[in-house]
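In what follows, a structure is listed as C-alpha cells, so that the remarks can point back to it.
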Amino acid sequence: VKCNLFLDELLCNFLEQVDNRVANMAKDWKHVVHTFFTRSHGAVTSDAKVDTLKDYLIPDYIFDTERAIWTDSHVPACPVMVFINSKSGGHLGGELLMTCRTLLNKNQGSTMPNAGLGYFQVVDLRENAPAKVLHQLYVNLETHKKSGDKMSFEIQKRLRLIVAGGDGTANWLLGVVSDLKLAQPPPVATVP
C-alpha cells in the first residue's frame, strides 16, 4: 500500500501542477515539467539523509546478469521504468528524457554494459523498442530469481511503468505489456 500511495502522490502532484498550469494558461508544459523535476533533483542531490527517489531506483545488477547481486537491504518501494518518446510533445520529450535520466540513472553510467537495455531505467523509445527492453528485463529478473535473489522477486512484484508520449506511444507500451502475457503485469501510468 505504501508503494501505491507514494507513487500516486508523486504522480498526482505532478499532474496537479500540469492541470493548474494548463487551466490558467500562465505557464507552458515545459516550465511545469522543468519545475517538478528540478525540485525532485534538488532532493536527490542534496546531502539530506533521506533520498526521496531511492524508492524508485532499480539496482544496476538487475539490468546486467553478470554484475554482482546487490547486497543493500533496502528494497525499493516503487521501482519504475520510464519510457519516453523524445519526439513527442513538441519535442519537449528530449528535455524530459534528460531530466529523468539525471534523476533515475544517477548511479547508472550510460556506457555500462546492460544487455541492450539502453539507459537502464529511462528509455528513449527512438533508441530502444519497449518489447526488447521489457523482455530482457523480465529475463534478467527470472535469472536472478532462479539464483535465489529475493530482491528480484520484490522488484518484479512492485515494478511500475511510466510512459511519456502521445496516445500512440501509450498504446504501444500497453500492447507490449499485454503481449508479454505476465501473470501479474505492472501498472502503467501515462504522462501526456
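Residue numbers (the UniProt record's numbering): 1 to 192.
Just so it is clear, CB atoms sit at the ideal spot from N, CA and C, and this is done for glycine as well.
Practice prompt. Please state if the CB of Leu159 and the CB of residue 204 are separated by a distance shorter than 8 Å.
Written response: One cannot answer for residue 204 here, as it falls past the ends of the chain, which runs 1 to 192.
Practice prompt. Name the two residues that bound the continuous beta strand (DSSP E) containing Lys190.
Written response: Locating residue 190 in the sequence shown gives position 190, counting from the first residue. The amino acid at residue 190 is misidentified as Lys; the sequence shows Thr. Looking at the DSSP string, the run of the beta strand (DSSP E) that includes Thr190 is 188-191.
Item to complete: Could you check what DSSP says for Phe63 in three-state terms: helix, strand or coil?
Response: Against the sequence shown, residue 63 aligns to sequence position 63. Helix.
Discussion item. I believe Leu141 touches Ile155 by the beta-carbon criterion, under 8 Å. Please report the beta-carbon distance rounded to the nearest angstrom.
Written reply: Residue mapping note: residue 141 aligns to position 141 of the sequence shown, counting from 1. Residue mapping note: residue 155 aligns to position 155 of the sequence shown, counting from 1. With a Cβ gap of about 7 Å, Leu141 and Ile155 count as contacting.
Worksheet item: Is the region 75-88 touching the region 50-66 in the sense that three or more CB pairs, one from each, lie closer than 8 Å?
Response: yes
Fill in: Inter-residue spacing [alpha-carbon to alpha-carbon] between His144 and Phe63
Translated into positions along the sequence shown, residue 144 becomes position 144. Translated into positions along the sequence shown, residue 63 becomes position 63. In a straight line, the C-alpha of His144 is about 10 Å away from that of Phe63.
Practice prompt. With DSSP as the reference, please indicate the residues paired to Ala77 in a beta bridge.
Written response: Translated into the one-based positions of the sequence shown, residue 77 becomes position 77. BP columns for Ala77 are empty, so no partner.
Discussion item. Just to confirm before moving on: does the CB-CB distance between residue 195 and Ser86 stay below 8 Å?
Written reply: Limits of the chain in this structure are 1 at one end and 192 at the other, which puts residue 195 out of reach.
Fill in: Alpha carbon of Met151 to alpha carbon of Lys157, nearest angstrom
The residue labelled residue 151 in the question sits at position 151 within the sequence shown. The residue labelled residue 157 in the question sits at position 157 within the sequence shown. Between Met151 and Lys157, the C-alpha separation is close to 10 Å.
Worksheet item: When you compare only the Cα positions, how much space is there between Ile162 and Ser178?
Response: The sequence position of residue 162 within the sequence shown is 162, counting from 1. The sequence position of residue 178 within the sequence shown is 178, counting from 1. Approximately 15 Å, taken between the alpha carbons.
Worksheet item: CA-CA distance, Gly94 and Gln121?
Response: For this step, residue 94 is matched to residue 94 along the sequence shown. For this step, residue 121 is matched to residue 121 along the sequence shown. C-alpha separation (whole angstroms): 15 Å.
Discussion item. Bridge partners for Asp124 per DSSP, in chain order?
Written reply: On the sequence shown, residue 124 is found 124 positions in, with the first residue counted as 1. Bridge partners of Asp124: Ile84.
Worksheet item: For Asp124, does the count of other Cβ atoms within 10 angstroms reach 16, so buried, or fall short, so exposed?
Response: Counting from 1 along the sequence shown, the entry for residue 124 is found at position 124. Label assigned to Asp124: buried.
Item to complete: Have a look at the DSSP bridge pairing and note the partners of Arg160.
Response: In the sequence shown, counting from the first residue as 1, residue 160 sits at position 160. Note: Arg160 sits in a beta bridge opposite Val80.
Item to complete: Determine the direct distance from the alpha carbon of Ser73 to that of Val133, and round the result to whole angstroms.
Response: As a first step, residue 133 is located in the sequence shown; it is residue number 133 there, counting from the start. As a first step, residue 73 is located in the sequence shown; it is residue number 73 there, counting from the start. Cα to Cα, Val133 sits roughly 26 Å from Ser73.
Practice prompt. Kindly give me the distance between the Cβ atoms of Tyr138 and Leu180, rounded to whole angstroms, as I take these residues to be in contact under 8 Å.
Written response: As a working mapping, residue 138 is identified with position 138 in the sequence shown. As a working mapping, residue 180 is identified with position 180 in the sequence shown. Sure, about 7 Å apart at Cβ, within 8 Å.
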